[in-house]
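Below is one structure, written out as C-alpha cells, with a few remarks after it.
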Amino acid sequence: MTVVDNKGSTHRVKEDFRERIKWLIILRVALMTLLLGGSLLFQIGGQSRPSSWFIPSILLGIIYFLSVLYVFLLGRVKNLVIFSIGQMIVDVFIETILVMFTGSVESPFSFLYIISIISGALILNRSGGIFIASLAFICYGSVVDLEYYQWGWFAYFTPPNMTEKEAFYSFFLYLVIFFTVAIVSGTLSEKLHDTRKALDDREKGLTVFRAFHENVVRSMGSGLLTSDLDGNILSFNASAQKITCFLSSEIIGNKWWNVFGWEKSPVSLFEKGAEGENIRFDKEGHKKDGSRLLVGMTFSPLKDDEGFKKGYVGIFQDLTKIKELEEAMKLKERLAHLGEMAAGIAHEIRNPLASLSGSMEILSQELNLKDHQKKLMQIALNESERLNHLIADFLNYTRPRPLQKKETFLKSFLEEEIFLFKHSVTFPKDIRIDLAVDPLISVVDLDQDQMKQVFWNLSLNACEAMSDGGRLKISAKGWPSNEKKMEEWFLIFEDNGVGISPDAIGKIFNPFFSTKDHGTGLGLSIVHRIIEEHGGKVRVKSAPGVGTRFTLIFPFREFERFPALDQRKESVIG
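Under the working numbering, think of the first position of the sequence shown as 29, with each following residue one higher.
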C-alpha cells in the first residue's frame, strides 16, 4: 500500500510557497514597469524637465535590481516566510517614496498599498495582510502628516491643498480601506488555502485508494479482466497474464474469448448480463504456447453510478491441475476395483485356459488333421497364448510386487536396455535410437526390473508409431534448483511418429484403452503405475503427424550423486 510521506508533503507545501513568491516577483516587475515606465514615457513625450524623470527612473532601476536579486536568492533561501515578508516591506517603502514625491494625499499611486496588502494576504494569509496593512498605514499616515504640517525637510514639499479636516478624513478613509482589504483578502486567502488543502487531502486519499486497489488486483490469485459491452478487453491483471502466458499489452483491445483460443463467447453475456446475473462456466482452452488450459470463469456486469451497464468483469482460475488430480483420483479408484477383481479373474480364466490350450496342443499332435484343420488349430493355440499374455499383463498391473530399489548407474542401464531392444525380434531396422544422458545424473534409485518394463513398453510404442521409420530420442536431464542440490530429474522418450489425437491423449493411461488394433491397453497403465510407485509423474505432449514425447519425472534421493554442472556429453547409439 502507498504510505503518505510527511516529508514529501512538506516539500510540496514549500515548493507551492516558492511558486507564489516567484509570481509575486513577476507581477511586481510587470506592474511597476507599466506604471513607472508609462509615467516616464508620458513625461518625456510632454517635454517635461529631465529633473522630473529622476525619481521614477531611480525607483524603476531599484525595482529591477531587487527583482534580479530576489530571483537569485529564491532557490537558496531556507526561510521563505521571512524572505517574502522582507520583499513586501521593501515594496511598502518604495510605494511610500513614490507617494511622497507624487503629491502625498493627492498621489495617484496610493492604490499600490492595496496591491501590497492583497499580496501579503495571499502569501501569508490574514495575519500577513494585516501586518502589511498596518505598515502601509503607518508609512502613508507619516507622509501625509509630515507634509501637511511641513515638519523638517518636508517643508520643501508643497503641502496638500486641503483643510485639516479633509486631510484627517483622507487619513481615516485609507485606514478603513487598508484593513478592510486586509481582512477580506486574508479571509478569502484562508478559505482558498483550506479548499486547496481539502483537495490535496482528497487527492492523497484517492492516490492511496487507487494504490490499494491496484495492489489488491495485482495480488489476486485469480485472473481478472474487464471488457466493454462488445467484449473488447480493457484491463488484464498480473495473475491473468500468468495463467494465459499473454502480456496485457498483447491482448488489450482484443476479444476476451480469443485469449483462451475460443472462436466465440461461450456464454450469451448480452442476454443474461442485462438482468444483472452472474454467469459461471468451465471450459477448456489453451494458453499462448498452445498447452492445455481448463478455465473456471465467472462474469458479472460492470455498471456505472447510475446503474447503467458499461461492460463486464471476468474472474477466472486455472483448473487444469485440479482437473488432472480429479482424473488421477478416478483412475486410482478404477484401478482399486480392478485389483479386487484380479484374483477371481486369475482363477476363473487362467486355469481353464491352460487346460484348454494344453488339450488343443495334444489333439493337434495325436490327430491326423487336414491342412485347413491344422491352420484353424494353430489360430486357436495362438489366440490362447495371446489371451494368456493379456491375463499375465493384467495380473502384473493389478497385483504389483513391492519395489526393490537399488543404486543404478543410469547411463549404463539405458545403454544395456537399448542394446537388448535393438537385437530383439520386435525392433524395426529402419528406426534410429539416440541416447543423451546429462552428466548431472550419475547414480539414481530405481527398481531395475520394473524400469525395464517401462523402457520396453515406451520404446515399443514409439517404434510402432513410426511404421515408416524414424528417430527415437531417449534423454535424461537434471534441472538443478541451485549448484549443490537437485530436486528432480527427467527421463524422456521422444519420437517423430504419427502422434496421438487430442481426444485420446487424456485416456491413454486408462486400463484397456488402446489406439492400436491389437493392443491390450495395459502397457501405458503399467508405466503410469510404476512411475507413481517410484514417487514420480508422467507427462505427455503429442501432436498428430508430429510425434509424441513422454516425460518421466523422478525425485532425487539424498544419496544420489551427480558431478560438476558444466560437464555435459551426448552419445548416439544406432
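We treat Cβ as the ideally placed atom computed from N, Cα and C, and that holds for glycine. If you're wondering where the values come from, they're calculated on a predicted model, not measured in any experiment.
Roughly how many whole angstroms lie between the Cα atoms of residue i and residue j?
i, j, result
"residue 11", "residue 43", "Residue 11 is absent from the model: the chain starts at 29 and stops at 602."
"residue 78", "residue 85", "Confidence at residue 78 is low in this model, with a pLDDT of 47, below 50, so the placement of that residue is unreliable and no value is reported for it."
"residue 436", "residue 473", "6 Å"
"residue 413", "residue 270", "53 Å"
"residue 555", "residue 571", "21 Å"
"residue 141", "residue 228", "32 Å"
"residue 447", "residue 438", "14 Å"
"residue 80", "residue 231", "Residue placement at residue 80 cannot be trusted, given a pLDDT of 48 that sits under 50; what the coordinates show is reported in the next sentence. The alpha-carbon atoms of residue 80 and residue 231 are separated by roughly 55 Å."
"residue 353", "residue 233", "45 Å"
"residue 539", "residue 553", "6 Å"
"residue 49", "residue 93", "16 Å"
"residue 529", "residue 311", "19 Å"
"residue 568", "residue 398", "51 Å"
"residue 392", "residue 409", "10 Å"
"residue 52", "residue 149", "12 Å"
"residue 255", "residue 329", "10 Å"
"residue 130", "residue 226", "45 Å"
"residue 120", "residue 210", "14 Å"
"residue 163", "residue 100", "26 Å"
"residue 198", "residue 159", "21 Å"
"residue 361", "residue 500", "34 Å"
"residue 242", "residue 286", "25 Å"
"residue 251", "residue 236", "23 Å"
"residue 45", "residue 112", "10 Å"
"residue 87", "residue 238", "53 Å"
"residue 504", "residue 444", "15 Å"
"residue 117", "residue 147", "11 Å"
How would you label residue i, buried or exposed, when you count the other beta carbons within 10 angstroms and need 16 or more for buried?
i, result
"residue 390", "exposed"
"residue 332", "exposed"
"residue 344", "buried"
"residue 557", "buried"
"residue 386", "exposed"
"residue 168", "buried"
"residue 98", "buried"
"residue 430", "exposed"
"residue 47", "exposed"
"residue 253", "buried"
"residue 204", "exposed"
"residue 383", "exposed"
"residue 562", "buried"
"residue 357", "exposed"
"residue 395", "exposed"
"residue 165", "buried"
"residue 107", "exposed"
"residue 623", "What the structure shows of the chain is the stretch from 29 to 602, and residue 623 is not part of that stretch, so it cannot be assessed."
"residue 531", "exposed"
"residue 110", "exposed"
"residue 566", "buried"
Residue i: which of the options sits nearest, CA to CA?
i, options, result
"residue 525", "488, 541, 518 and 540", "488"
"residue 461", "536, 521 and 322", "521"
"residue 441", "431, 482, 455 and 408", "482"
"residue 324", "404, 170 and 294", "294"
"residue 494", "376, 455 and 532", "455"
"residue 523", "517, 497 and 532", "497"
"residue 574", "350, 527 and 535", "527"
"residue 420", "63, 377 and 584", "377"
"residue 56", "485, 41 and 89", "89"
"residue 340", "41, 307 and 130", "307"
"residue 222", "470, 41 and 284", "41"
"residue 62", "384, 194, 137 and 111", "137"
"residue 347", "321, 115 and 309", "321"
"residue 647", "289, 139, 402 and 532", "Examination of residue 647 is not possible in this model, given that the chain is present from 29 through 602 alone."
"residue 263", "502, 365, 380 and 277", "277"
"residue 581", "517, 536, 535 and 533", "517"
"residue 258", "584, 283 and 147", "283"
"residue 564", "576, 549, 550 and 584", "584"
"residue 58", "102, 143, 566 and 579", "143"
Return yes when at least one heavy atom of the ligand FAD lies under 7 Å from the C-beta of residue i, else no.
i, result
"residue 432", "Summarising the ligand content, the structure contains no ligands, and the ligand FAD is consequently not present."
For chain C, find out if any of its Cβ atoms is closer than 8 Å to the Cβ of residue i; answer yes or no.
i, result
"residue 135", "No chain C is part of this structure, which consists of one protein chain only."
Where are the beta strand (DSSP E) runs, 3 residues long or more, that stay fully inside the stretch 513 to 553, in chain order?
-> Within the stretch 513 to 553, the complete beta strand (DSSP E) runs of at least 3 residues fall at 514 to 523.
Taking the runs of the alpha helix (DSSP H) that are 4 residues or longer, which of them lie wholly in the stretch 219 to 283?
-> 266 to 272 and 276 to 279
Contact the stretch 198 to 217 vs the stretch 148 to 162: 3+ CB pairs below 8 Å = Yes, the stretch 198 to 217 touches the stretch 148 to 162.
Can you check the stretch 465 to 514 for any alpha helix (DSSP H) of at least 4 residues that lies completely inside it and give the ranges in chain order?
-> 476 to 493
With a floor of 3 residues, list each beta strand (DSSP E) that falls wholly inside the stretch 294 to 348, ordered by position along the chain.
-> 307 to 314, 320 to 331 and 337 to 346
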